[in-house]
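Okay, so here's the structure we're looking at.
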Amino acid sequence: MESKTRLLLMYALGGLLALTAITGVAALLVFERIRIGDAEMRDRYAESAGCLDHIRAGIYLSETLAQDYFMQPKAPDASTLLEKLREWEAGTKMYLDRYEASIPAGDQYAVKLRFEVFAYWKLIDLMADAVREHGSPGLDVTFQDELTQRRESMLKIAADTASALDREWKRGETELKGLYHKFRIALYIELALVLGLGSVLSVLALRRMVRLERETRALSAQVVGAQEQERRAIARELHDDIGQALSGLLLEIGRAASAAESEATRGRLHSIAGSVESAVEAVRRMALSLRPSMLDDLGLVPALEWQAREVGHRTGLNVQVQAEESAGELPDAYRTCIYRVVQEALQNCARHAGASRVQVALEKAAKSVSVHVEDDGKGFAVSRTRGLGLLGMEERVAQLGGRLRVQSEPGRGTIVSAELPI
Amino acid sequence: MNEIRVLLADDHTIVRSGLRLLLEREKDLIVVGEATDGREAVDWMERAGADVAVMDVAMPGLNGIEATAQITRKFPEVAIVMLSMHSDESYVLRCLRAGARGYVLKEAAESELIEAIRAVRAGKAFFSPKVRRLLQQEHVERIRREGGVDSYDLLTEREREILQLIGEGNSNKDIANRLHLSVFTVETHRKRVLEKLNLHGTADVILYAVRKGIIR
């Protein structure tokens, strides 16, 4: 079950990442294609339209030049005119080639245009030949009419071609627009997909995290609870079973000693009694270190006072307990929690703080109970030190819905406080 | 010699039978009953009564300290000796506050219990020597650690005398008779003593006297 969800989450996360990457790359590609397509189309249109303009201008001007030349072929500048005419012919044909290159091959307008342009120049050639042979083309009105007609029809074709080009341009624009539109929709869909999947994934991951956290907390509560239970059971067993058996034994030994005939036997029995007494002492110490019986027999405050005395004996610390006896009247879990927090804090004072005085204060209010352990030691930087059994204390306190606070600064002593709601 | 009727209260059979054998060797001590927890001990006092109860501290249900408190409240004439595994002063103080006048370590019961029973029957306090020694050590150490003034030095001769007499279990009237003072004067001295030593009642005075080695 566990590993299944984990696998699922991993796949989903991978999928999400892949989807995001694909979407991004696809978007870039399509965008680039549109951009290039747009630029190409623009260039091609500019080229085609420019060529067409040149062709049209060429036709116009060459017709005027041709008229002038045919009117007065004997004029002194006639040969210059003819030369110019030839130049225009070459120019126009060059633009025609370029125009054809700029559009798709086999365009029907282009074919017509080429036919007309060549027919036009053919006509001018024919007329020029006739002028050279007969010297008087002015008489030949039909030639001139023909020329004008040719020009008109060619210009018309050029105009048609231009408008066809325009239409083509518009069609391209629309096509691009459609492409862009489709791309946008696809992008939206992909975005929505990523967002949706991401949200689902986040919710799943979050829920899993919360559950894991809850489970971890429950587990650590169980561990702490079981440990306390175990300690209590062992302490009781040591104390009650072994301790009482030894006490009974001592009574027996005493009785045997007073009934003994010889001094030697009495002496031996007394030394046995001495050994049993040390065993009783050892058992008591062990039981107390596991869980002080005061906590169950006498209550929290006597247990704290005992703890204070013990630490005083062991370390020379001066530990003061300030508490009303009634402040310790709490459910078992609270008594244990507070006792262990104080125990841990005192241990820290003795081991790390270099303190000489410690104040333990227990206060019970209407809806909460709080305990403060304040020392005059060297303190520490709270933000950097998280060891010192603080985590264990925090855990215990959090289990009862309380809050543990550690206030300390290097050189300023330390205050450990726990507040538990009741 | 007056006979002393004794109730034994302990949840461990082996301890009870050992104690019974121990006490029955003495002509003046009669074990009139046994109780396996505090509740039974209180019931016994209500039904049959006894002069002295030997009470184990830690018993299931109603523990020895609670039972002692109930018995001394209802039957002030009953004297109680606590039997305990603990030499710690938390236990001693709570037992005294509950109204016990004797405190004997189980490990020393064989040699001390009989003396303790007779002492409390006579209205005196009794503590196992080991307990007394530990309490005194603790007291000395504490004064040294805290580095303050020993408030005992603040008492006058007369107040010290009265402190000792209270610690030995005498009533104001007894003290007045012995010192040829009025009960009122004794009461005034008593109040001064408690105030100077920051104590709150006879139990505290007895414990203090033991700590100081004033009484044994």
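Here the protein sequences line up with chains A and B, keeping their order. Each residue of the first sequence is one higher than the one before, starting from 1 at the first, in my numbering. Each residue of the second sequence is one higher than the one before, starting from 1 at the first, in my numbering. All C-beta atoms in this analysis are idealised placements derived from N, C-alpha and C, irrespective of residue type, glycine included.
Check: In this structure, does DSSP put T23/A in helix, strand or coil?; Outcome: helix
Check: Can you list the residues of chain A that A58/B reaches, using a CB-CB cut of under 7 angstroms?; Outcome: S293 and D297
Check: Express the C-alpha separation of T23/A and A101/A in angstroms, rounding to a whole number.; Outcome: 38 angstroms
Check: Residues in its own chain within less than 6 angstroms of A203/B by CB, not counting five upstream and five downstream?; Outcome: L96 and R97
Check: Return helix, strand or coil for V358/A, following the three-state DSSP convention.; Outcome: strand
Check: Using three-state DSSP, classify P129/B as helix, strand or coil.; Outcome: helix
Check: For the beta strand (DSSP E) that H372/A lies in, which residues bound it at each end?; Outcome: S368 to D375
Check: Give me the Cα-Cα distance between D43/B and G64/B, rounded to the nearest whole angstrom.; Outcome: 13 angstroms
Check: Can you name the residues of chain B whose CB is closer than 7 angstroms to the CB of P302/A?; Outcome: S90 and R94
Check: Looking at the C-beta of G312/A, does it have a partner C-beta in chain B at a distance below 8 angstroms?; Outcome: yes
Check: Opposite A418/A in the DSSP bridges: which residues?; Outcome: V371/A and L404/A
Check: I want to see whether chain B comes within less than 8 angstroms of R255/A, judged by CB atoms only; does it?; Outcome: yes
Check: Just curious, the alpha helix (DSSP H) that M55/B is in, first and last residue?; Outcome: It is not in any alpha helix (DSSP H) - M55/B instead sits in the beta strand (DSSP E) that spans V52 to D56.
Check: What does A355/A touch in chain B if you count any residue whose Cβ is under 9 angstroms from its own?; Outcome: Those within 9 angstroms of A355/A in chain B number zero; the least Cβ separation is about 13 angstroms.
Check: Are A257/A and L269/A close, meaning C-beta to C-beta below 8 angstroms?; Outcome: yes
Check: Give the C-beta separation of A353/A and Q322/A to the nearest angstrom, bearing in mind that I take them to be a contact with Cβ-Cβ under 8 angstroms.; Outcome: Actually they are not in contact, since the Cβ atoms of A353/A and Q322/A sit about 19 angstroms apart, beyond 8 angstroms.
Check: When we look at the beta-carbon of S202/A and count the other beta-carbons within 10 Å, is it buried (16 or more) or exposed?; Outcome: exposed
Check: For I117/B versus Q164/B, is the C-beta distance shorter than 8 angstroms?; Outcome: no
Check: Should H352/A be flagged as near chain C, meaning a C-beta pair shorter than 8 angstroms?; Outcome: This model lacks chain C altogether, as its protein chains are A and B.
Check: How close, in whole Å, do the beta carbons of V371/A and S417/A come, if the pair is a contact with beta carbons under 8 angstroms?; Outcome: 7 angstroms
Check: Answer with buried or exposed for E3/B, where buried requires no fewer than 16 other C-beta atoms within 10 angstroms of its C-beta.; Outcome: exposed
Check: Rounded to the nearest angstrom, what separates Y152/B and N172/B at their Cα positions?; Outcome: 21 angstroms
Check: Name the residue from F380/A, D241/A and T64/A whose alpha carbon lies nearest to the alpha carbon of A355/A.; Outcome: F380/A
Check: At least one CB of chain B closer than 8 angstroms to the CB of G328/A: is that the case?; Outcome: no
Check: Counting only the same chain and skipping the five closest in sequence on each side, list residues whose C-beta sits under 7 angstroms from that of E159/B.; Outcome: H189, R192 and V193
Check: Would you say I166/B and V205/B are within 8 angstroms of each other, going by their C-beta atoms?; Outcome: yes
Check: Please list, in chain order, the residues of the stretch 14–45 of chain B that have any C-beta partner in chain A closer than 7 angstroms.; Outcome: I14, V15, G18, L19, L21 and L22
Check: Decide if L424/A is buried, meaning its Cβ has at least 16 other Cβ atoms within 10 Å, or exposed.; Outcome: Look at the range of chain A in this structure, 1 to 422, and you will see that residue 424/A is not part of it.
Check: Taking H280/B as the reference, which of G169/B, E195/B and A35/B has the closest Cα?; Outcome: Residue numbering for chain B in the displayed model covers 1 to 216; residue 280/B lies beyond these limits and cannot be assessed.
Check: Interface residues of chain A around E107/B at Cβ under 7 angstroms?; Outcome: S247, L250, E277 and V280
Check: If we ignore side chains and look at the alpha-carbon of each, how far apart do L139/A and P73/A end up?; Outcome: Low confidence applies to L139/A: its pLDDT is 48, below 50, so where it sits in the model is not reliable, and the reading given next is rough at best. Cα-Cα distance, rounded: 12 angstroms.
Check: Alpha carbon to alpha carbon, how far is Q347/A from H313/A? Give it in angstroms, no decimals.; Outcome: 13 angstroms
Check: Any idea if G178/A is buried or exposed, counting beta-carbon neighbours within 10 angstroms, 16 or more meaning buried?; Outcome: exposed
Check: Would M295/A pass as a contact of T336/A if the rule is Cβ separation under 8 angstroms?; Outcome: Note on identity: in this sequence residue 295/A is Leu, with Met being the wrong assignment. Yes, these two residues count as a Cβ contact at 8 angstroms.
Check: So V6/B is in the beta strand (DSSP E); what residue range does that whole segment cover?; Outcome: I4 to A9
Check: Do R101/B and G169/B have their CB atoms nearer than 8 angstroms?; Outcome: yes
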